[in-house]
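Chains as they are written, first to last, in my numbering: chain V, 724 to 812; chain W, 7 to 438. Heads up, the beta-carbon is just placed ideally off N, CA and C, and yes, glycines get one too. Computed from a predicted model, the values in this text were never measured in an experiment. Reviewing the structure listed below.
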């Protein structure tokens, strides 16, 4: 069960904007879905997944990659080979 | 010697987001075969939107590994197929470019999320297609549209260039009108790629063999019980009967982990999605941003405007499941449930070679029938176990209910895609 304030907070953390007129709908839907998820809490904690996997590493060698032009080609706004983005601070 | 293929089609079912009017192809095992590619697979020089407005206009600067393989095989890529935005849906109605319609009944959905890929093959707009399957996204639309679709063993096909939604679950796979077509396409797609760190060197060189004498097929009661339309269950049992007459033995069994599989799947896929989709800021690719706003304000506004509701809902659910204070109750317990599914398969596969059941619990839904998200999620119950365990699964058409196709799902052991394909081929040969 979640309240609209929880959804508003989570949406802010995830940088997903929510309009005030959507908040009730999102809260209601998420609440029902999370209530469904709660059945999992009855399970033992377990030890996670046993996939029998090992990490795959490679030597730290330079290999062919995208050029700067190719990397920037889909950006709407660039300057001197950089992406232009809104200020963070 | 490269040849040119000119392509156009009357796409009245909205199967394609983009078509390629002229494409070059080489000699090879798939020379000149027309292929539709799901729009979450990167194609150099061809717009790749993932069914989302946030990637409108995005032209990948590189090919996915499977596209490199397809081009080398001589296949002609004729278009990018419609899909639920970022693969999030079971109907293709969550596309920002409008829903795809089911060619068998345009008042119904084609399934999803690879709905465009399935509908394009079913409507004969292309010879074959590729899709991706995170929780049933190849098998569901294959079943609803009456074609064959394979979700390979996890790691058998490179995910390099597949736009990530839930990495631990998804695989690219082949879709075609018949099992032989799926087998031909899979032989091109499977194999090792160093750019996908989960890739395993298990190429596929098999030719389908319909001799299944002695094959043991498990029928979990959960696949035929509550929530499954009895007429669909009946049709699938008849299909299993066809396999029995070809020499297979049906073995009743149970899969108790099914009770928690769907909840586990949705916790895991939304958690992985909330992380993966953080890269879509509209800045490095996409429409750009209002540089006068602050970062969080701009990022938040832009994602509200350009992501559909289902994508935003899943990011919220995933962020919630991973949040401090909830992680232990949701994400960690989902891993327990996932291991239970794997353990169930391991146990069952000591006694049987394959598991059979319906691909989907019903026939294709009517458009707008699944407007409630949780109701839509519940329809994935029969397809998600294979993704949670990473085992191969195929959907092959097995007749109709109310004029709509029904899919027989066959699930096998890890790396026994060949056996899954053989059984589907045997059914197809016996039934036709």
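* Within chain W, partners of residue 738 of chain V - CB distance below 7 Å -> The contacting residues are 302, 305, 306 and 309.
* From the beta carbon of residue 203 of chain W, is the nearest beta carbon of chain V less than 8 Å away? -> Yes, residue 203 of chain W lies at the interface with chain V (some Cβ there is under 8 Å from its Cβ).
* Of all the CB atoms in chain V, is at least one closer than 8 Å to the CB of residue 339 of chain W? -> Yes, residue 339 of chain W lies at the interface with chain V (some Cβ there is under 8 Å from its Cβ).
* Looking at chain W, which residues of the region 753-768 of chain V have a Cβ within less than 8 Å of any of its Cβ atoms? -> Going along the region 753-768 of chain V in chain order, one finds 753, 755, 756, 757, 759, 760, 761, 762, 763, 764, 766, 767 and 768 with a Cβ nearer than 8 Å to chain W.
* Asked: Nearest-angstrom Cα distance between residue 58 of chain W and residue 222 of chain W?
  -> C-alpha separation (whole angstroms): 43 Å.
* Asked: What distance in whole Å lies between the Cβ atoms of residue 32 of chain W and residue 80 of chain W, which are believed to be in contact at a cut-off of 8 Å?
  -> In this structure residue 80 of chain W is in contact with residue 32 of chain W, their Cβ atoms being roughly 5 Å apart against a cut-off of 8 Å.
* Asked: Is it true that the CB of residue 435 of chain W sits closer than 8 Å to the CB of residue 362 of chain W?
  -> The beta carbons of residue 362 of chain W and residue 435 of chain W sit no closer together than 8 Å.
* Given that a residue counts as buried once 16 or more other Cβ atoms are within 10 Å of its Cβ, and exposed if not, what is residue 792 of chain V? -> Around the beta-carbon of residue 792 of chain V, fewer than 16 other beta-carbon atoms lie within 10 Å, marking it exposed.
* Asked: Counting Cβ pairs closer than 8 Å, one from the region 389-404 of chain W and one from the region 127-145 of chain W, do we hit at least three?
  -> These segments touch.
* Asked: Do you know offhand how far residue 126 of chain W's Cα is from residue 358 of chain W's?
  -> For the pair residue 126 of chain W and residue 358 of chain W, the Cα-to-Cα distance works out to about 35 Å.
* Asked: Among W/205, W/215, W/48 and W/43, which one has its Cα closest to the Cα of residue 427 of chain W?
  -> Of the listed residues, the one whose Cα sits closest to residue 427 of chain W is W/215.
* To do: Using DSSP bridges, identify the partner residues of residue 139 of chain W.
  => DSSP lists W/177 as partners of residue 139 of chain W.
* Host alpha helix (DSSP H) of residue 271 of chain W (start-end) -> Note, residue 271 of chain W: alpha helix (DSSP H), 264-282.
* Proximal residues to residue 161 of chain W (C-beta, below 7 Å), its chain only, five neighbours per side dropped -> Taken in chain order, the residues that qualify are 204, 205 and 206.
* Asked: Quick one, are the C-beta atoms of residue 321 of chain W and residue 739 of chain V less than 8 Å apart?
  -> In contact: residue 321 of chain W and residue 739 of chain V (Cβ atoms closer than 8 Å).
* Would you kindly check if the distance between the Cβ of residue 154 of chain W and the Cβ of residue 185 of chain W is under 8 Å? => Judged by their CB atoms, residue 185 of chain W and residue 154 of chain W are nearer to each other than the 8 Å cut-off.
* To do: Closer than 7 Å by C-beta to residue 102 of chain W: which residues in its own chain qualify, once you throw out the five before and the five after it? Chain order, please.
  => Its chain contains 57, 58, 59, 91 and 314 as the residues whose beta carbon lies nearer than 7 Å to that of residue 102 of chain W, once the 5 sequence neighbours on both sides are disregarded; these appear in chain order.
* Top-ranked residue by Cα proximity to residue 218 of chain W, from W/237, W/248 and W/135 -> Nearest neighbour of residue 218 of chain W by Cα position, chosen from W/237, W/248 and W/135, turns out to be W/248.
* To do: Assuming residue 134 of chain W and residue 23 of chain W form a contact by the criterion Cβ under 8 Å, report the distance between their Cβ atoms to the nearest whole angstrom.
  => With 8 Å as the limit, residue 134 of chain W and residue 23 of chain W do not qualify as a contact, their Cβ atoms being about 18 Å apart.
* Asked: Checking contacts by CB at 8 Å: is residue 267 of chain W closer than that to chain V?
  -> No, because no Cβ of chain V sits closer than 8 Å to the Cβ of residue 267 of chain W.
* Asked: Using the rule of at least 16 other Cβ atoms within 10 Å of the residue's Cβ for burial, across every protein chain shown, is residue 77 of chain W buried or exposed?
  -> Burial call: buried.
* Just by C-beta distance, which residues in the region 782-796 of chain V are closer than 8 Å to chain W? -> Here the close residues are 789, 793, 794 and 796.
* To do: Determine the direct distance from the alpha carbon of residue 267 of chain W to that of residue 4 of chain W, and round the result to whole angstroms.
  => No statement about residue 4 of chain W is possible, as the shown extent of chain W runs from 7 to 438 and does not include it.
* Could you tell me whether the Cβ of residue 727 of chain V comes closer than 8 Å to any Cβ of chain W? => Not one chain W Cβ lies under 8 Å of residue 727 of chain V.
* **Residue from W/84, W/226, W/230 and W/397 whose Cα sits closest to the Cα of residue 10 of chain W** => Nearest neighbour of residue 10 of chain W by Cα position, chosen from W/84, W/226, W/230 and W/397, turns out to be W/84.
* By the criterion of Cβ-Cβ separation under 8 Å, what are the contact partners of residue 733 of chain V in chain W? -> Within chain W, the residues placing a beta-carbon under 8 Å from that of residue 733 of chain V are 322, 325, 326 and 329, ordered along the chain.
* **Interface flag, residue 777 of chain V vs chain W, CB-CB below 8 Å** => Residue contact check for residue 777 of chain V against chain W: no CB pair falls below 8 Å.
* **Minimum C-alpha distance to residue 754 of chain V - residue among V/801, V/728 and V/806** => For residue 754 of chain V, the nearest C-alpha among the options comes from V/728.
* Asked: Would you say residue 280 of chain W faces chain V, with C-beta separation under 8 Å as the test?
  -> Output row for residue 280 of chain W: interface = yes.
* Give the C-beta separation of residue 324 of chain W and residue 308 of chain W to the nearest angstrom, bearing in mind that I take them to be a contact with Cβ-Cβ under 8 Å. => Residue 324 of chain W to residue 308 of chain W, Cβ: 19 Å. No contact.
* Contact list for residue 295 of chain W against chain V, beta-carbon separation under 8 Å -> Residues of chain V passing the Cβ test: 799, 800, 808 and 809.
* To do: With a threshold of 16 other CB atoms inside 10 Å of the CB of residue 94 of chain W, please say whether the residue is buried or exposed.
  => Buried is the call here.
* How many angstroms separate the CA atom of residue 256 of chain W from the CA atom of residue 432 of chain W? -> In this model, residue 256 of chain W and residue 432 of chain W are separated by some 15 Å (Cα to Cα).
* Segments assigned alpha helix (DSSP H), at least 4 residues, entirely inside the region 34-86 of chain W -> Within the region 34-86 of chain W, the complete alpha helix (DSSP H) runs of at least 4 residues are 71-78.
* Asked: Taking the C-alpha atoms as reference points, what is the distance between residue 53 of chain W and residue 795 of chain V?
  -> Straight-line Cα distance between these residues: approximately 16 Å.
* **CB of residue 20 of chain W within 8 Å of CB of residue 169 of chain W, strictly** => In this structure, residue 20 of chain W lies away from residue 169 of chain W, with their beta-carbon atoms at least 8 Å apart.
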